[in-house]
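Here the working numbering is used: the first residue of the sequence shown is 36, the next is one more, and so on. Don't be surprised by glycine CBs; every beta carbon is placed ideally from N, CA and C.
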Amino acid sequence: MESIDWSNLSFGYMPTDYNVRCIYKDGKWGDITVTSSQTFEIHMAATCLHYGQEAFEGMKAFRGKDGKIRIFRMDENAARLQSSCRGIMMPELPTEKFNEAILTVVKKNERFVPPYESGASLYIRPLLIGTSAQVGVKPAKEYLFIVFVSPVGPYFKEGFKPTPMAILRQYDRAAPLGTGRYKVGDYAASLVAGEKAHELGYSAVLYLDAKEKKYIDECGPANFFGIRGNSYITPKSTSILPSITNKSLMQLAEDMGMTVEVRQIPEDEIGTFDEAGACGTAAVISPIARIDDLDENKSYIFSKDGKPGPICEKLYNKLRAIQYGDEPDTHKWITIVE
Ligand SMILES: *Cc1c(COP(=O)(O)O)cnc(C)c1O
């Protein structure tokens, strides 16, 4: 067995021993199967290939100091996948099936869960795709659910550091009444804007609402939040994906005695924030150093000294401590893999 250099993992795909699958056919879900094949055959007219009938999830498992493996908010991911299924007319995968698949794939690949000291984790990627042939635009009759895993390194290799983000008004990620609120395969729509932001030296695009270009939406694959005084403020919008990390941070902010506001945030208001961040499973929090609205020639600065703000840092440390089992799981967010 090859040995893994845990401290030099990136956020990428690394083959593991097994993945799990479950097929929907004749109106029902089958049994979960385990395989070591990394590929599958698919009909060329499958709906996922032409019409984007595809949803996915992203979650992580962590190894604690005690050696135990902890999975973060598995039920929330199951519920969100069901919401995505309703959004693009796929059969909902029952929570018990989802949980069984996750627990099976993590147990089978236990040797790929990084040790506590590395700060790395096991990324879990469930996906559900329409597989049966269709030429007219209609939902498929057959579906395939797959869960694979990959060990991933700590997101902040050079420490927890703020990065600049850009508002690029000529691009939209999702339409107000479209599928932005579902975790579906519409990321292709954000690739050009993302690439452009990277070329210009930004870590990500901060999208405005597509209709009025007035309110803050989200940062590509992560939700946005701002801190002002004792308030945690995050956008309300029909085109953002409800982040489970954001939901957890809102709870922790409330636990810390902060006021949580979920409402429309006009762009100008971010100029009044003391701190700002992007949040998601990959990084927990990516503190934002500065937001440049390139077309309007405006800049909003949150960090001048290259350090994250104190509230971002506190929330980040608290959530990570719960995920790794260093602090008590008072909200029942953790499933221990037995
Ligand atoms: C997955 C995702 C997020 C982050 O959600 P988490 O549950 O916190 O990982 C945010 N925005 C989009 C568009 C996403 O796909």
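Considering just the uninterrupted stretch of the alpha helix (DSSP H) at residue i, what are its terminal residues?
{"i": "Ser118", "result": "109-122"}
{"i": "Glu234", "result": "226-234"}
{"i": "Tyr351", "result": "345-358"}
{"i": "Gln86", "result": "According to the sequence as given, residue 86 is Tyr; it is not Gln. Its alpha helix (DSSP H) spans residues 82-86."}
{"i": "Ile137", "result": "130-143"}
{"i": "Ala288", "result": "279-290"}
Quick check on the DSSP output: the beta strand (DSSP E) that includes residue i runs from which residue to which?
{"i": "Lys333", "result": "333-336"}
{"i": "Asp328", "result": "319-328"}
{"i": "Pro199", "result": "198-202"}
{"i": "Phe97", "result": "94-98"}
{"i": "Phe147", "result": "Careful: Phe147 lies outside any beta strand (DSSP E) and carries neither H nor E."}
{"i": "Ser156", "result": "156-165"}
{"i": "Lys60", "result": "54-60"}
{"i": "Ser185", "result": "178-187"}
{"i": "Thr307", "result": "Element bounds for Thr307: n/a, residue is neither H nor E."}
{"i": "Pro270", "result": "266-270"}
{"i": "Ala90", "result": "89-91"}
{"i": "Thr68", "result": "68-70"}
Quick one: what's residue i bridged to in DSSP?
{"i": "Asn258", "result": "Cys314"}
{"i": "Thr370", "result": "Ile106"}
{"i": "Tyr250", "result": "Pro301"}
{"i": "Lys63", "result": "Lys60"}
{"i": "Glu296", "result": "Ile268"}
{"i": "Leu243", "result": "Ile251"}
{"i": "Val219", "result": "Ala90"}
{"i": "Ala168", "result": "Ala81"}
{"i": "Arg263", "result": "Ser266"}
Restricting to Cα atoms, I'd like to know which of the options is closest to residue i.
{"i": "Tyr237", "options": "Asp207, Asp244, Ile275, Pro197", "result": "Pro197"}
{"i": "Ala80", "options": "Lys231, Glu177, Pro343", "result": "Glu177"}
{"i": "Leu241", "options": "Ala223, Glu145, Arg208, Tyr151", "result": "Arg208"}
{"i": "Thr269", "options": "Ile251, Gly255, Ile279", "result": "Ile251"}
{"i": "Phe97", "options": "Leu138, Glu253, Pro345", "result": "Leu138"}
{"i": "Tyr267", "options": "Thr273, Asp303, Gly292", "result": "Gly292"}
{"i": "Ile123", "options": "Ala313, Phe259, Gly220", "result": "Gly220"}
{"i": "Leu329", "options": "Tyr359, Ile279, Ser283, Leu203", "result": "Leu203"}
{"i": "Ala245", "options": "Gln205, Gly188, Tyr151, Thr280", "result": "Gln205"}
{"i": "Lys342", "options": "Thr273, Ala324, Ile262, Ala224", "result": "Ala324"}
{"i": "Gly306", "options": "Lys333, Thr294, Glu289, Pro322", "result": "Lys333"}
{"i": "Lys367", "options": "Ile104, Met109, Thr70, Ile39", "result": "Met109"}
{"i": "Ser45", "options": "Gly264, Ser156, Met285, Ala313", "result": "Ser156"}
{"i": "Asn265", "options": "Cys347, His85, Thr370", "result": "Cys347"}
{"i": "Gly377", "options": "Ser119, Gly154, Val148", "result": "The structure shown does not extend to residue 377, since the chain is modelled only from 36 to 373, so the question has no answer here."}
{"i": "Lys63", "options": "Met125, Tyr151, Thr70", "result": "Met125"}
{"i": "Ala239", "options": "Gly315, Leu84, Pro363, Tyr48", "result": "Gly315"}
{"i": "Arg263", "options": "Ser278, Asn43, Asp309, Tyr151", "result": "Asp309"}
{"i": "Ile279", "options": "Arg298, Thr294, Arg115", "result": "Arg115"}
{"i": "Glu234", "options": "Met200, Lys142, Gln358", "result": "Met200"}
{"i": "Pro277", "options": "Ala228, Gly215, Lys231, Ala223", "result": "Gly215"}
{"i": "Pro149", "options": "Asn112, Ala113, Lys103, Lys132", "result": "Lys103"}
{"i": "Ile369", "options": "Phe259, Asp61, Ser283, Ala311", "result": "Ser283"}
{"i": "Ile128", "options": "Val140, Val141, Ala311, Asn112", "result": "Just to set this straight, residue 128 is Leu in the shown sequence, not Ile. With distances taken between Cα atoms, Leu128 lies closest to Asn112."}
{"i": "Leu179", "options": "Asp361, Gly47, Phe75", "result": "Phe75"}
{"i": "Ile106", "options": "Gln73, Lys142, Lys132", "result": "Lys142"}
{"i": "Tyr190", "options": "Lys95, Ser272, Arg146, Lys218", "result": "Lys95"}
Does the Cβ of residue i lie closer than 6 Å to at least one heavy atom of ligand 1?
{"i": "Gly62", "result": "no"}
{"i": "Ile323", "result": "no"}
{"i": "Ala257", "result": "yes"}
{"i": "Ile279", "result": "yes"}
{"i": "Thr316", "result": "yes"}
{"i": "Gly93", "result": "yes"}
{"i": "Leu243", "result": "no"}
{"i": "Leu276", "result": "yes"}
{"i": "Lys353", "result": "no"}
{"i": "Lys9", "result": "Look at the range of the chain in this structure, 36 to 373, and you will see that residue 9 is not part of it."}
Compute the minimum distance between the beta carbon of residue i and the heavy atoms of ligand 3, and state whether it is under 6 Å.
{"i": "Lys248", "result": "In the structure shown, ligand 3 is absent; the only ligands present are ligand 1."}
If you pair each beta-carbon of the segment 160-173 with each one of the segment 86-99, do three or more pairs fall below 8 Å? The segment 160-173 is in contact with the segment 86-99.
Determine contact between the segment 165-180 and the segment 61-81, defined as no fewer than three beta-carbon pairs at a distance below 8 Å. yes
For the structure I just gave you, are there three or more beta carbon pairs, one from the segment 204-224 and one from the segment 348-368, closer than 8 Å? no
Could you check whether the segment 296-304 touches the segment 249-263, counting it as contact only if at least three pairs of C-beta atoms, one from each stretch, sit closer than 8 Å? yes
Is it the case that the segment 179-187 contacts the segment 48-55, given that we only count it when at least three CB pairs across the two stretches are under 8 Å? Yes: the two stretches touch, three or more of their Cβ pairs being nearer than 8 Å.
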